[in-house]
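Just so we're aligned, residue 65 is where the sequence shown starts under the numbering used here, counting upward by one. Here the structure comes first, spelled out in structure tokens, and everything after it is commentary.
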Amino acid sequence: MPFASYPALRLRRTRYTAWSRALHAETRIAPSDFIWPLFVMEGQGIEEPIATLPGVSRWSVDGIVARGREAAALGIPCVALFPYTPAGLRTEDGREALNPDNLMCRATRALKDAVPDIGVLTDVALDPYTSHGQDGLVDAAGNVLNDETMAVLADQALVLAAAGADIIAPSDMMDGRVGAIRDALESGGHANVQIMAYSAKYASAFYGPFRDAVGSRGLLKGNKRGYQMDHANSDEALREVALDLAEGADSVMVKPGLPYLDIIRRVKDAFRVPVFAYQVSGEYAMIEAAAAAGAGDRDALVLETLTALKRAGCAGVLTYHAAHAARLIGG
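Right, dumping it as structure tokens:
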């Protein structure tokens with residue numbers, strides 16, 4: 065492509081004024097690009113701040129409903145729910161995940177009753193319910209069992225869909241689970257429930273504050289490297305995405321977000337499907353820590369990182385900064 069040369073071509077011309085920068089911006093973010101992750105706990109009228117996630121709290125169901133109303137008012141189309149399961153309900157087999165009146169189901173029903181136009185994404189995995197902290201069933205040697213776990217995840221998805229979940233998001237990384245969940249949803253009368261597959265979920269050092277938020281820190285026996293992806297791998301992510309799409313995923317997710325911009329772009333270019341990123345707890349905490357230390361402007365850091373994820377190819381981003389970013393954009 066031929067271009068003029070300097071001085072006929074001065075690329076600074078279009079960057080010189082604010083109005084021109086706005087006119088020529090290639091990427092824009094809006095509240096409709098965000099999914100707001102929320103942590104739900106037992107009780108009534110409770111807000112419990114999470115020390116490692118400054119500004120983020122666990123909420124009782126009534127508080128979750130209030131956050132749903134807040135999201136709707138800000139133009140955020142969807143919230144994602146994660147449970148803080150009491151220790152007494154955590155078992156080796158994670159059976160509380162299949163309780164149709166568990167915390168997640170009650171929160172989902174309450175949200176859909178109070179704010180029917182808000183989307184509700186529910187995470188599907190067993191780690192919030194197991195006493196050992198793994199995402200699936202384990203044998204006597206501590207090995208995570210793929211096929212046995214897959215059957216339980218399909219039942220968990222049915223329980224959540226019956227409670228009103230709009231999006232089922234399997235985060236477990238078991239092979240074949242998307243197909244099992246899609247078959248269960250179709251045969252169970254939930255054909256319109258979406259699956260957003262955690263397709264490229266990496267075994268990351270950025271998940272620590274999340275484990276505090278759901279109460280699993282210290283419970284995990286071993287690690288999750290046997291099923292979550294190696295952070296050194298890129299081609300493998302494309303294989304994971306291809307399998308999940310072939311099994312019936314409506315959209316796919318890359319997790320974490322900012323350290324994996326290259327994966328987001330490769331997935332988008334290869335498949336041209338809706339790609340989401342989860343800007344995870346460690347990413348959020350680093351921004352908050354930088355702002356608290358005076359190392360960066362919080363608002364600017366939030367908007368720049370979210371724009372980077374959108375620019376890389378994301379249809380949307382799960383972010384704990386969703387409400388704050390929506391206010392910045394709207395304000």
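We put the CB at the ideal spot given by N, CA and C, even for glycine.
- Judged by DSSP secondary structure, Lys332 falls within the alpha helix (DSSP H) whose first and last residues are 325–335.
- DSSP lists no beta-bridge partner residue for Ser298.
- In the displayed model, Gln220 falls within a helix according to three-state DSSP.
- Sequence-distant partners of Glu111 (beyond 5 residues in either direction) whose C-beta falls short of 7 Å from its own C-beta, in its chain, are Ser121, Trp123, Gly127.
- Sequence-distant partners of Ala136 (beyond 5 residues in either direction) whose C-beta falls short of 7 Å from its own C-beta, in its chain, are Val179, Asp181, Ile182.
- A Cβ-Cβ separation of about 4 Å places Asp236 in contact with Ala189 under the 8 Å criterion.
- In this structure the region 307–322 touches the region 251–261; the number of beta carbon pairs closer than 8 Å is three or more.
- Membership of Thr383 in the beta strand (DSSP E) is indicated by the continuous run 380–383.
- Only residues of its own chain outside the window of five on either side were considered, and among them Ser121 have a CB closer than 7 Å to the CB of Pro113, listed in chain order.
- In the DSSP assignment, Pro273 falls within the alpha helix (DSSP H) that extends over 272–278.
- Counted as a single uninterrupted DSSP element, the beta strand (DSSP E) harbouring Ile99 occupies residues 98–104.
- DSSP places Leu185 in the strand class (E or B) of the three-state scheme.
- About 6 Å separates the Cβ atoms of Asp363 and Leu392, confirming a contact at the 8 Å cut-off.
- In its chain, beyond the 5 residues on either side, Gly360, Arg362, Leu365, Val366, Thr369, His385 have a beta carbon closer than 8 Å to the beta carbon of Ile351.
- The region 158–177 makes no contact with the region 286–299; the number of CB pairs closer than 8 Å stays below 3.
- By alpha-carbon distance to Asp308, the top candidate from Trp83, Val242, Cys142 is Val242.
- In this structure, the straight-line span from the alpha carbon of His254 to that of Leu222 is close to 8 Å.
- According to DSSP, residue pairing for Cys169 in a beta bridge does not occur.
- One thing to note: Val331 has its Cβ no nearer than 8 Å to the Cβ of Ala379.
- The C-beta of His88 has fewer than 16 other C-beta atoms within 10 Å across all chains shown, which makes the residue exposed.
- Counting only residues of its own chain and dropping the five nearest sequence neighbours on each side, Val125 has a CB closer than 7 Å to the CB of Val104, Arg170, Ala171, Ala174.
- Note that the region 144–164 touches the region 217–232; at least 3 beta-carbon pairs, one per stretch, sit closer than 8 Å.
- Within the same chain, Cβ atoms closer than 6 Å to the Cβ of Ala355 are found at Arg362, the five residues on either side in sequence being excluded.
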